[in-house]
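Under this note's numbering, the first residue of the first sequence carries the number 10, and numbering increases by one thereafter. Here's the structure, in structure tokens; my notes come after.
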Amino acid sequence: MSVRVRFAPSPTGYLHIGSARSALFNYLYARKVGGKFLLRIEDTDLARSTEESTRSILDGMEWLGLDHDEEIIFQSDNADKHRVTAKKLLAEGKAYRDFTPKAAPTDASVKDAIKDRARANQGEKNMRDNPYRNLSAQESDTRATAGEAFAIRLLVAENGNTCFHDSVYGVQERDYAETEDLVLLRSDGHPLYNLAVVCDDIEMQITHVIRGQDHLTNTHKQILIYEALGVTPPTFAHLPLIMAPGKGKLSKRKHGEIVSLTTYRDAGFVPAAFRNFLALLGWSAGEEKEIYSLDELIEKFSFDGIHRSNAIFNFKENDPRHWTDDKALWMNAEYIRTMPLAELLPMVKAELKAAKLWREEYDQESIALSADIPSTALLGADGRPETVALENRQIGSHSWYIHTVDLIRSRFFTLKDFSSQGRAYFSEDFDFDPAAVAKNLGKFPELREWLPVLADRFASEFSESSPPYEGGVAEGRGGSLPYTEENIETVIKAFTEEKGSKLGVIMNGARTLLTGVAVGPSMLSVFEVIGLERTLMRLRSQVAWNTVIET
RNA sequence: GUCCGGUUCGUCUAGGGGUUAGGACACCGCCCUUUCACGGCGGCAACACGGGUUCAAAUCCCGUACCGGAUACCA
Numbered sequence: 010m011s012v013r014v015r016f017a018p019s020p021t022g023y024l025h026i027g028s029a030r031s032a033l034f035n036y037l038y039a040r041k042v043g044g045k046f047l048l049r050i051e052d053t054d055l056a057r058s059t060e061e062s063t064r065s066i067l068d069g070m071e072w073l074g075l076d077h078d079e080e081i082i083f084q085s086d087n088a089d090k091h092r093v094t095a096k097k098l099l100a101e102g103k104a105y106r107d108f109t110p111k112a113a114p115t116d117a118s119v120k121d122a123i124k125d126r127a128r129a130n131q132g133e134k135n136m137r138d139n140p141y142r143n144l145s146a147q148e149s150d151t152r153a154t155a156g157e158a159f160a161i162r163l164l165v166a167e168n169g170n171t172c173f174h175d176s177v178y179g180v181q182e183r184d185y186a187e188t189e190d191l192v193l194l195r196s197d198g199h200p201l202y203n204l205a206v207v208c209d210d211i212e213m214q215i216t217h218v219i220r221g222q223d224h225l226t227n228t229h230k231q232i233l234i235y236e237a238l239g240v241t242p243p244t245f246a247h248l249p250l251i252m253a254p255g256k257g258k259l260s261k262r263k264h265g266e267i268v269s270l271t272t273y274r275d276a277g278f279v280p281a282a283f284r285n286f287l288a289l290l291g292w293s294a295g296e297e298k299e300i301y302s303l304d305e306l307i308e309k310f311s312f313d314g315i316h317r318s319n320a321i322f323n324f325k326e327n328d329p330r331h332w333t334d335d336k337a338l339w340m341n342a343e344y345i346r347t348m349p350l351a352e353l354l355p356m357v358k359a360e361l362k363a364a365k366l367w368r369e370e371y372d373q374e375s376i377a378l379s380a381d382i383p384s385t386a387l388l389g390a391d392g393r394p395e396t397v398a399l400e401n402r403q404i405g406s407h408s409w410y411i412h413t414v415d416l417i418r419s420r421f422f423t424l425k426d427f428s429s430q431g432r433a434y435f436s437e438d439f440d441f442d443p444a445a446v447a448k449n450l451g452k453f454p455e456l457r458e459w460l461p462v463l464a465d466r467f468a469s470e471f472s473e474s475s476p477p478y479e480g481g482v483a484e485g486r487g488g489s490l491p492y493t494e495e496n497i498e499t500v501i502k503a504f505t506e507e508k509g510s511k512l513g514v515i516m517n518g519a520r521t522l523l524t525g526v527a528v529g530p531s532m533l534s535v536f537e538v539i540g541l542e543r544t545l546m547r548l549r550s551q552v553a554w555n556t557v558i559e560t
């Protein structure tokens, strides 16, 4: 029988990164063995389920590139079948009616109530002491016919145990005495989770159930249902949990957006990078290697590589530099600076569009490049993402945009950086980072006089500049030197010497005026990419200087 | 309480009787750019504790501690 796995989230909020990882592992396993990866929305909790969150889950999976097979199953559509199954078990004497009035819901901290009750029982509770357990079929029928409300509970045997081999946790045994006669059907006719899951998994012909370790005890209950139904249970593989720093639960309530997959999409993560990061949380191929393409993950995936211990998703609240797991951030930066340009370009385009920095002429250039680079060439021979060598791609002088993206990506952590840190490359309307201004301009007041002079020097030395931007003033082409890195270096060095200053001071001052920020690629490339005319304007501009805080 | 898991650098992890306990991130330093970064090199830093078994234990066994999960007419 071919493998069929499923991801079965309940649509009661956005896609949690823990769920996303479960989905990923299901996906990887299915793709590895050539099986089917199915999706089932467990929307039986009508009160909490929303269409919006179903949408969000679907979006999240699409973003991660986890395409599912076959039609999406909505569990609520199967409620009738679940009821039929419960009644069948009742008729067969494998379940019984419980006429105990439904307990008043303790809305205040349900978990604590359960805990308290369990503690009160001191572990001595007899799971078989339900008074209706041994009611005669006749009396049970009579009371039911009379209209008395009842729940249907599974009749769990007195002696014995449930046992299964978990692909991750090994042999799991549980004495029947530890398992109550679980409710299959609520007194209002609503099928409960364990019954619904088993029925659906049977109907969907699921062969492997891969889910969070928090379901380990549910598995024993579900096996009892499988046995009552006379169906062989699927193989189970439980995954370790993803915890918050301090080993606490990683919850929406306590940690907010950090646990939502969409946060990473919106924060400028490259899907492949986040997927890569997620795969390495609780799983390892046993190699000294961090970067894995999707194909490699599929190829290397195995249950043996999954841990039994929980992993901590490490982040520091209130620390912008470490707002999420450092490794995730690093991995994203790694992808941004090393992935094939042809794959990065569309993401940068989307980002620039969103920031209203996009220009149509950039597109012509992207297309020319994409055609030249097979998008399947994800990884180089050494297993690392391949960097595209622009020189070899016959990028003409018109490819300013692509050249610029390739240049500035080496210092970026997220796609957002292209429109924030990198804004000055694409627009005249950019801000100056106060820290950069203070460090590189504020400390060197002489630059206020010098940099415009440097601009004059440039104007008289250089001859040509043709970047695609608007608002440039066609002036000062008195010189004959082409505006290239080599020539810029010569001119600046001479200027620095003349002033008896240090190159670093001039360079960093210019960097701040030209880009608004303190970090970036080699300054010589920055001059070139910004172009002569914009360089002149920005070196002469007083805007940044006016933001220097006088001390 | 009971049941079930777990415990290797701060974090993700490799290793599963003999290793200088390896890698990655983070952090720190040096080098490279008469510049910030990127990059290169290096540093700091771990086998929870106690008993056993053994010539030899991070590794196997037992116990303790701590952490997590589960214990619903929730999913």
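Note that the Cβ used here is the ideal one computed from N, Cα and C, for glycine as well. A quick note: this is a predicted structure, and the numbers were derived from the prediction, not measured.
Item checked: CB of H25 within 8 Å of CB of S269, strictly -> As a position in the first sequence, residue 25 is number 16, starting the count at 1. As a position in the first sequence, residue 269 is number 260, starting the count at 1. Taking 8 Å as the Cβ cut-off, H25 and S269 qualify as a contacting pair.
Checklist line | Boundaries (first-last residue) of the beta strand (DSSP E) holding T171 | finding: For the purposes of this step, residue 171 is taken as residue 162 along the first sequence, with counting starting at 1. Note, T171: beta strand (DSSP E), N170 to D175.
Note to self: Can you tell me whether G295 is buried or exposed? The criterion is at least 16 other CB atoms within 10 Å of its CB, across all chains shown.
What the structure shows: Within the first sequence, numbered from 1, the residue matching residue 295 stands at position 286. Classification for G295: exposed.
Next item on the list: Could you give the DSSP three-state label for H229: helix, strand or coil?
Entry: One-based indexing of the first sequence puts residue 229 at position 220. Here H229 sits in helix by DSSP.
Checklist line | Nearest residue (CA-CA) to K448, options E470, D372, V526 and L238 | finding: Numbered from 1 along the first sequence, position 439 holds the residue referred to as residue 448. Among E470, D372, V526 and L238, the Cα nearest to that of K448 is on V526.
Checklist line | Neighbourhood of S406 by C-beta distance below 7 Å, restricted to the same chain and skipping five residues each side | finding: Counted from its first residue, the first sequence places residue 406 at position 397. For S406, the predicted structure reports a pLDDT of 41, less than 50, and the residue's modelled location is therefore unreliable. The matter cannot be settled from this model.
Notebook entry, point to check: DSSP on S11, reduced to helix/strand/coil?
Noted result: The residue you call residue 11 lines up with position 2 of the first sequence. Note: S11 maps to coil in three-state DSSP.
Item checked: Given F283 as reference, the closest of P242, L338 and E498 once Cα atoms are compared -> Along the first sequence, one-based indexing puts residue 283 at 274. Measuring from the Cα of F283, the nearest candidate turns out to be L338.
Next item on the list: Report the three-state DSSP secondary structure of E299 (helix, strand or coil).
Entry: In the first sequence, counting from the first residue as 1, residue 299 sits at position 290. Three-state result, E299: coil.
Next item on the list: Could you round the C-beta distance between A288 and L48 to whole angstroms and report it? I think they count as a contact, below 8 Å.
Entry: Taking the first sequence and counting its residues from 1, one reaches residue 288 at position 279. Taking the first sequence and counting its residues from 1, one reaches residue 48 at position 39. Contact flag wrong, Cβ pair sits at about 19 Å.
Margin query: Please report the distance separating the alpha-carbon of I411 from that of E352.
Written below: Along the first sequence, read from residue 1 onward, the residue named residue 411 stands at position 402. Along the first sequence, read from residue 1 onward, the residue named residue 352 stands at position 343. Rounded to whole angstroms, I411 to E352 spans 12 Å at the Cα level.
Notebook entry, point to check: Taking the alpha-carbon positions, what's the V602 to D197 distance?
Noted result: Outside the modelled stretch of the chain, which goes from 10 to 560, sits residue 602, for which no answer is possible.
Next item on the list: Give a yes or no on whether the C-beta atoms belonging to S419 and P280 are separated by under 8 Å.
Entry: Along the first sequence, one-based indexing puts residue 419 at 410. Along the first sequence, one-based indexing puts residue 280 at 271. Going by C-beta atoms, S419 is not nearer than 8 Å to P280.
Notebook entry, point to check: Buried or exposed: which applies to L548, given that a residue is buried once 16 or more other Cβ atoms fall within 10 Å of its Cβ?
Noted result: Counted from its first residue, the first sequence places residue 548 at position 539. The residue in question, L548, is buried, as its Cβ has 16 or more Cβ neighbours within 10 Å.
Checklist line | Closest Cα partner of Q84 within the set K362, G518, V206 and L522 | finding: In the first sequence, residue 84 corresponds to position 75, counting from 1. Ranking the options by Cα distance to Q84, first place goes to V206.
Next item on the list: Less than 8 Å between the CB atoms is what I'm expecting for T333 and L233, so what's the real figure, rounded?
Entry: As a position in the first sequence, residue 333 is number 324, starting the count at 1. As a position in the first sequence, residue 233 is number 224, starting the count at 1. At roughly 41 Å, the Cβ-Cβ gap does not stay under 8 Å, so T333 and L233 are not in contact.
Check: Do the region 200-214 and the region 168-182 meet, that is, are 3 or more Cβ pairs less than 8 Å apart?
Finding: Touching, no, given that fewer than three Cβ pairs across the two stretches are closer than 8 Å.
Check: To the nearest angstrom, how far is it from the Cα of S428 to the Cα of K502?
Finding: Numbered from 1 along the first sequence, position 419 holds the residue referred to as residue 428. Numbered from 1 along the first sequence, position 493 holds the residue referred to as residue 502. In this model, S428 and K502 are separated by some 31 Å (Cα to Cα).
Notebook entry, point to check: Whose C-alpha, out of L194, F322 and Y273, is nearest the C-alpha of G291?
Noted result: Working through the first sequence from its first residue, we reach residue 291 at position 282. Considering only alpha carbons, the answer is F322.
Margin query: Taking its Cβ as the centre, do 16 or more other Cβ atoms sit within 10 Å of K120, making it buried, or is it exposed?
Written below: On the first sequence, residue 120 is found 111 positions in, with the first residue counted as 1. A residue is called buried when at least 16 other Cβ atoms come within 10 angstroms of its Cβ; K120 does not meet this threshold and is exposed.
Next item on the list: Return the residue from the list F173, R183, T151 and I211 that minimises the CA-CA distance to V165.
Entry: Locating residue 165 in the first sequence gives position 156, counting from the first residue. It is R183 whose Cα lies nearest to the Cα of V165.
Note to self: Pull the bridge partners of A146 from the DSSP assignment, please.
What the structure shows: The count along the first sequence starts at 1 and reaches residue 146 at position 137. Looking at the DSSP assignment, A146 forms no beta bridge with any residue, so it has no partner.
Next item on the list: Output the residue ranges of the alpha helix (DSSP H) runs that lie fully inside the region 434-520 and measure 4 residues or longer, sorted by chain position.
Entry: As far as the region 434-520 is concerned, its whole alpha helix (DSSP H) runs of at least 4 residues are 443-446, 456-470 and 494-508.
Notebook entry, point to check: Where does E167 land, buried or exposed, given buried means 16+ other C-beta within 10 angstroms?
Noted result: What you label residue 167 is simply residue 158 of the first sequence in a count that begins at 1. Looking at its Cβ environment, which holds fewer than 16 other Cβ atoms inside 10 Å, E167 is exposed.
Margin query: Between the alpha carbons of E561 and S311, how many angstroms are there, rounded?
Written below: One cannot answer for residue 561 here, as it falls past the ends of the chain, which runs 10 to 560.
Next item on the list: Less than 8 Å between the CB atoms is what I'm expecting for Y141 and Y105, so what's the real figure, rounded?
Entry: Looking up residue 141 in the first sequence gives position 132. Looking up residue 105 in the first sequence gives position 96. Going by Cβ atoms, the distance from Y141 to Y105 rounds to 6 Å, so yes, they are a contact pair.
Next item on the list: Classify R195 as helix, strand or coil using the three-state DSSP reduction.
Entry: The sequence position of residue 195 within the first sequence is 186, counting from 1. The three-state reading of DSSP puts R195 in coil, since its state is none of H, G, I, E or B.
Notebook entry, point to check: Who are the near neighbours of M516 in its chain, counting only those whose CB is closer than 7 Å to its CB and skipping five residues on each side?
Noted result: Residue numbering aside, residue 516 sits at position 507 when the first sequence is read from its first letter. Residues of the same chain with a CB within less than 7 Å of the CB of M516, apart from the 5 flanking positions on each side, are M532 in chain order.
Item checked: Close-in-space but distant-in-sequence residues of the same chain around S2 (CB under 6 Å, 5 per side omitted) -> A question about residue 2 goes unanswered here, because the residues of the chain that appear run from 10 up to 560.
Next item on the list: State buried or exposed for E51, treating a residue as buried only when at least 16 other CB atoms are found within 10 Å of its CB.
Entry: Numbered from its first residue, the first sequence carries residue 51 at position 42. Answer is buried; the Cβ neighbour count reaches 16.
Item checked: Outcome for V528 when other beta-carbon atoms lying within 10 angstroms are tallied against a minimum of 16 -> Within the first sequence, residue 528 is the residue found at index 519, counting from 1. Note on V528: under 16 other CB atoms within 10 angstroms of its CB, so exposed under the neighbour-count rule.
Notebook entry, point to check: T244 bridges to which residues according to DSSP?
Noted result: Against the first sequence, residue 244 aligns to sequence position 235. Answer by DSSP bridge pairing, in chain order: H217.
Check: Relative to the C-alpha of K261, which residue among S28, I539 and V93 is closest?
Finding: Translated into positions along the first sequence, residue 261 becomes position 252. Closest in alpha carbon position to K261, among S28, I539 and V93, is S28.
Notebook entry, point to check: DSSP three-state call for W332: helix, strand or coil?
Noted result: On the first sequence, residue 332 is found 323 positions in, with the first residue counted as 1. For W332, the three-state secondary structure derived from DSSP is coil.
Check: Can you tell which of T521, E495, L463 and F471 has its C-alpha closest to the C-alpha of K505?
Finding: In the first sequence, the residue the question calls residue 505 occupies position 496. The sequence shown places Thr at residue 505, not Lys. Taking only the C-alpha atoms, the option nearest T505 is L463.
Check: Apart from the five residues on each side of it in sequence, which residues of its chain come closer than 8 Å, Cβ to Cβ, to M252?
Finding: Stepping through the first sequence from its first residue, residue 252 is reached at position 243. Same-chain partners within the cutoff: K258, L259, N319, A320, I321 and F322.
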